[in-house]
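Peer 1:
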Amino acid sequence: MVEEIHGKTMIFIEESALLEKGFIPFAEELFNLPNFGEVNFFADGSLKEPQRGAAIGNAGANGWLLDGSLDVLNGTGRLFFVDTKSYFDFDGLFDELEAGKFDSCRVMTQKENVFEAFEGARGKRKRKDVKAVRFVVGKLEEWQAQKKDARAAFFVEKEKNTNAIDAEGAEYVFSPKYRYLKLLRDNVREGGEGKIYKTYQGMLCKVLHPKHITYINIKKLQAMLKMDVFNAHVNWPQDIIYYDNNPVGYVMDEITGVEDLDNIRITGFKGFSETDRYDAALNFLEVLYYLHEKGIVVGDLKPDNILIRRPSEVFLIDCGSYQVADYPCIVFHPQYTKKKYTEQELRTVLRSPKDDYYAINKIVFEILVGQTPHYNPNKPIEEQDPNEFAYPIEDTRIRNAQNDKKRADFQRWAFMSGKMREMFFYYFTQNKVSYLPEWITEIKNRMAEIENETASAAAK
Amino acid sequence: MENGFDFGSFGNFQSGANDGTVKLPVCLVLDNSGSMQDRTLGRMTKIDELNRIVIEFINYVRNDPKARILCDLCIVSFGGERPEIVQGYSPIDRVNYVPLRAQGRTPMGAGVQLAIDLLIKRRTWYRNEGVQHYKPILLLISDGVPTDKYEAAAFQLSGMVISKDIKVFPVGIGHDFDAEILADFSPQVKPKQLTDVQGFEKLFTLLSRSTSNPHDDSIDKWFNNETL
Chain A
1 MVEEIHGKTM IFIEESALLE KGFIPFAEEL FNLPNFGEVN FFADGSLKEP QRGAAIGNAG
61 ANGWLLDGSL DVLNGTGRLF FVDTKSYFDF DGLFDELEAG KFDSCRVMTQ KENVFEAFEG
121 ARGKRKRKDV KAVRFVVGKL EEWQAQKKDA RAAFFVEKEK NTNAIDAEGA EYVFSPKYRY
181 LKLLRDNVRE GGEGKIYKTY QGMLCKVLHP KHITYINIKK LQAMLKMDVF NAHVNWPQDI
241 IYYDNNPVGY VMDEITGVED LDNIRITGFK GFSETDRYDA ALNFLEVLYY LHEKGIVVGD
301 LKPDNILIRR PSEVFLIDCG SYQVADYPCI VFHPQYTKKK YTEQELRTVL RSPKDDYYAI
361 NKIVFEILVG QTPHYNPNKP IEEQDPNEFA YPIEDTRIRN AQNDKKRADF QRWAFMSGKM
421 REMFFYYFTQ NKVSYLPEWI TEIKNRMAEI ENETASAAAK
Chain B
1 MENGFDFGSF GNFQSGANDG TVKLPVCLVL DNSGSMQDRT LGRMTKIDEL NRIVIEFINY
61 VRNDPKARIL CDLCIVSFGG ERPEIVQGYS PIDRVNYVPL RAQGRTPMGA GVQLAIDLLI
121 KRRTWYRNEG VQHYKPILLL ISDGVPTDKY EAAAFQLSGM VISKDIKVFP VGIGHDFDAE
181 ILADFSPQVK PKQLTDVQGF EKLFTLLSRS TSNPHDDSID KWFNNETL
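From first to last, the protein sequence lines stand for chains A and B. Under this note's numbering, the first sequence has 49 at position 49, and the numbering climbs by one with no breaks. Under this note's numbering, the second sequence has 111 at position 111, and the numbering climbs by one with no breaks.
#1: What is the DSSP secondary structure of residue 261 of chain A, counted as helix, strand or coil?
#2: Between residue 147 of chain B and the rest of its own chain, which residues show a CB-CB distance below 7 Å, the 5 nearest in sequence each way excluded?
#3: Within 7 Å: the Cβ of residue 85 of chain B and any heavy atom of the ligand NAP?
#4: What residue from B:140, B:214, B:226, B:76 has the CA that sits closest to residue 67 of chain B's CA?
#5: For residue 217 of chain A, which of helix, strand or coil comes out of DSSP?
#6: If we define contact as Cβ-Cβ less than 8 Å, is residue 406 of chain A a contact residue for chain B?
#7: Can you list, in chain order, the residues of the region 192–213 of chain B whose Cβ is nearer than 7 Å to any Cβ on chain A?
#8: How is the alpha helix (DSSP H) around residue 445 of chain A delimited, first residue to last?
#9: Given a cut-off of 8 Å on the beta-carbon distance, is the pair residue 153 of chain A and residue 348 of chain A in contact?
#10: Which residue comes first and which comes last in the alpha helix (DSSP H) that contains residue 360 of chain A?
#11: Using a Cβ-Cβ distance under 8 Å, would residue 70 of chain B count as near chain A?
#12: Quick one: Cα of residue 414 of chain A to Cα of residue 215 of chain A, how far?
#13: Identify whether residue 9 of chain A lies in helix, strand or coil by the three-state DSSP scheme.
#14: Give the DSSP-derived three-state secondary structure of residue 44 of chain B in the structure shown.
#15: For the beta strand (DSSP E) that residue 88 of chain B lies in, which residues bound it at each end?
#16: So, does the CB of residue 377 of chain A fall closer than 8 Å to a CB anywhere in chain B?
#17: Can you look up residue 141 of chain A in the DSSP assignment and give me helix, strand or coil?
#18: Under a Cβ-count criterion, where at least 16 other Cβ atoms within 10 Å of its own Cβ denotes burial, should residue 155 of chain A be classed as buried or exposed?
#19: Cα separation between residue 69 of chain B and residue 259 of chain A?
#20: In the region 54–84 of chain B, which residues sit with their C-beta less than 9 Å from some C-beta in chain A, listed in chain order?
#21: Label residue 230 of chain A either buried or exposed according to how many other C-beta atoms from any shown protein chain fall within 10 Å of its C-beta, with 16 as the threshold for buried.
#22: On the criterion of 16 or more Cβ atoms from any shown chain inside 10 Å, does residue 44 of chain B qualify as buried, or is it exposed?
#23: Could you tell me which chain A residues have their CB closer than 8 Å to the CB of residue 135 of chain B, listed as they occur along the chain?
#24: Please report the straight-line C-alpha distance between residue 87 of chain A and residue 292 of chain A, rounded to a whole angstrom.
#25: Would residue 214 of chain A pass as an interface residue toward chain B - the criterion being a Cβ-Cβ separation below 8 Å?
#26: Please state whether DSSP places residue 223 of chain B in a helix, a strand or coil.
#27: CB-CB under 6 Å to residue 39 of chain A, same chain, minus the five flanking residues each way: which ones, in chain order?
#28: Return the CA-CA distance between residue 22 of chain A and residue 106 of chain A, expressed in angstroms with no decimal places.
#29: Using a 10 Å radius around the Cβ and a threshold of 16 neighbouring Cβ atoms, would you call residue 501 of chain A buried or exposed?
#30: Report yes or no: is there a C-beta of chain B within less than 8 Å of the C-beta of residue 256 of chain A?
#31: Using a Cβ-Cβ distance cut-off of 8 Å, determine whether residue 409 of chain A contacts chain B.
#32: Helix, strand or coil: which one does DSSP assign to residue 60 of chain A?
#33: Given that residue 266 of chain A touches chain B, what residues does it touch there, using C-beta distances under 7 Å?
#34: To the nearest angstrom, report how far apart residue 13 of chain A and residue 437 of chain A are at their CA atoms.
#35: Between A:179, A:329, A:248, A:27, which has its C-alpha nearest residue 166 of chain A's C-alpha?
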């Protein structure tokens with residue numbers, strides 16, 4: 001890629017590229033170019049924050065790499081920070097190019113969603129002199145648009161695990177990490193693939209039904225245990241449990257003082273203030289962002305698997321079914337998945353984080369507005385059309401709707417920022433995806449406005 | 001206000017209406033005609049068995065945290081000269097079931113018509129109050145043949161099934177019911193024959209599961225003889 005750089009070149013470097021070990025060697029190669037004086041670097045303004053490196057370090061990445069990479073670029077005197085708000089304002093970047101300020105542009109990122117946003121902006125303008133690149137095993141390569149069915153899941157034609165046993169009657173199970181765990185029989189909950197027991201030791205054990213103790217499920221659990229998932233709001237499997245020397249499920253932490261979002265939803269969010277709703281939505285999005293950044297796809301996202309500790313702390317549970325590495329998620333909820341997967345597709349094709357977006361948008365909408373986005377009072381829930389969006393976008397229609405004081409959902413729709421309404425509207429009507437960082441930013445902005453408005457009202 | 005719309009004091013928008021509460025309407029349409037006094041299922045009479053199992057079902061719904069919130073229960077009986085509303089649509093906390101007595105003829109058509117009318121009224125209330133609902137379930141149980149004109153009610157109910165407004169599960173107890181007539185009420189689900197207590201218990205166990213999880217389709221599979 002270095003040899004392709006000619007004339008005045010803009011290189012937009014997204015944070016994830018700065019974290020790659022190959023970045024500094026690449027930068028040094030760039031510095032040796034004869035026309036290096038015509039290269040300018042751009043990065044998002046949030047990277048200027050002094051604690052940014054430490055913050056990333058705490059999230060499990062090499063924060064020191066970020067500081068080192070930034071130092072190298074700062075030393076050139078040609079690093080400029082731009083406020084992209086949602087990180088993905090590639091339209092502004094293309095505007096600069098078209099104004100003749102640069103001859104060509106490179107976007108460096110490791111994230112697929114950033115590449116997709118870039119592709120969306122480039123596609124509209126039909127530019128070929130702009131490329132997105134990423135590090136693959138230390139070397140820069142151009143991003144290629146993924147074919148929809150390119151990612152195959154780990155799949156075995158014939159089930160290899162013939163040792164699946166029924167641990168239904170077990171009094172004890174064994175975990176290499178926690179040793180023997182006594183199952184408390186008076187506290188059992190039926191989960192999707194097995195029963196969940198409290199243990200004497202205070203953890204929870206999910207004992208799978210024999211038909212779910214498959215080779216792939218065990219491999220997936222093993223992969224999950226190797227991942228660095230350290231988030232108190234994700235109820236990640238902590239160890240595999242064994243009975244009679246055979247794997248029968250997994251152990252996880254118990255989360256107390258919570259209720260599931262579905263229960264809260266069907267009782268109309270009683271006891272939740274508007275601020276609590278926004279807080280809960282924000283917390284939910286931040287947990288999803290954490291998982292997606294690690295390449296984890298939830299797949300079966302639904303209110304039953306989301307717990308809330310009032311007023312607004314959010315936990316995700318039932319993580320054993322998530323898609324990790326090459327191991328698919330083989331379940332989905334019909335109300336929270338737009339695409340209807342076949343059994344074959346579920347088992348053989350990997351989903352992308354984008355496939356979680358319908359559920360994410362719907363759940364956030366339900367938290368903030370208190371109704372489904374496809375609300376139709378004349379139809380039962382199962383028959384409401386997921387292609388119909390029930391809320392207006394034009395200001396005059398919103399004002400008219402607001403006049404119906406019986407409709408609390410219209411009040412809440414109007415209460416959002418205009419940007420948030422647009423993001424929901426264009427997603428549900430045109431499939432225009434607003435990525436998690438954009439959502440997090442917008443909700444935080446709106447919450448700040450609410451706080452200011454509350455303070456002003458109190459001062460009067 | 002920055003977002004352009006006037007809210008006054010916006011602390012809480014809950015106005016008691018359109019707060020997003022969700023319900024699952026369930027209607028039991030039960031035959032309490034004179035023949036239900038027979039003991040064809042086992043030691044107890046059919047009506048005693050039916051009463052026992054309905055009470056168990058109500059207790060399940062009362063004790064399940066999700067079913068208790070979701071379920072709106074209605075019970076209609078048809079025995080004697082006309083059907084009766086045993087319980088109009090109510091949340092489970094307000095259900096007070098008085099065991100049925102077997103008596104008289106089998107006005108199944110009038111019983112189903114009454115159930116339809118109650119559902120339509122309930123849906124109108126849901127609409128006015130902004131309450132969302134899952135597809136209503138109607139369980140029709142009979143051990144015999146209708147003694148009234150049932151065709152109009154069967155036509156209306158089957159139309160509602162085809163329009164996806166309702167799910168109907170028809171059940172025949174014993175051997176004296178007419179499966180074809182029961183099928184007239186339910187164009188998509190074949191009538192299930194129950195000849196013992198275990199069948200009864202299975203039926204209400206699966207119905208109970210639906211009340212705590214409306215997406216659970218075990219009852220549909222059982223009626224269609226699919227593997228559960």
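Every residue, glycine too, gets a C-beta built ideally from N, C-alpha and C.
Peer 2: This is what the structure holds:
#1: helix
#2: 105, 106, 107
#3: In the structure on display, the ligand NAP does not appear, and there are no ligands present to speak of.
#4: B:214
#5: helix
#6: yes
#7: none
#8: 436–459
#9: yes
#10: 357–369
#11: yes
#12: 50 Å
#13: strand
#14: coil
#15: 83–91
#16: yes
#17: strand
#18: exposed
#19: 13 Å
#20: 65, 66, 69, 70
#21: exposed
#22: exposed
#23: 380, 381, 382, 383
#24: Bear in mind that the predicted position of residue 87 of chain A carries a pLDDT of just 47, short of 50, making it unreliable; the figure below should be weighed with that in mind. Taking the straight line from one Cα to the other gives about 16 Å.
#25: no
#26: helix
#27: 9
#28: 16 Å
#29: Examination of residue 501 of chain A is not possible in this model, given that chain A is present from 1 through 460 alone.
#30: no
#31: yes
#32: Residue placement at residue 60 of chain A cannot be trusted, given a pLDDT of 43 that sits under 50; what the coordinates show is reported in the next sentence. Reduced to three states, the DSSP call for residue 60 of chain A is coil.
#33: 21, 22, 69, 70
#34: 17 Å
#35: A:248
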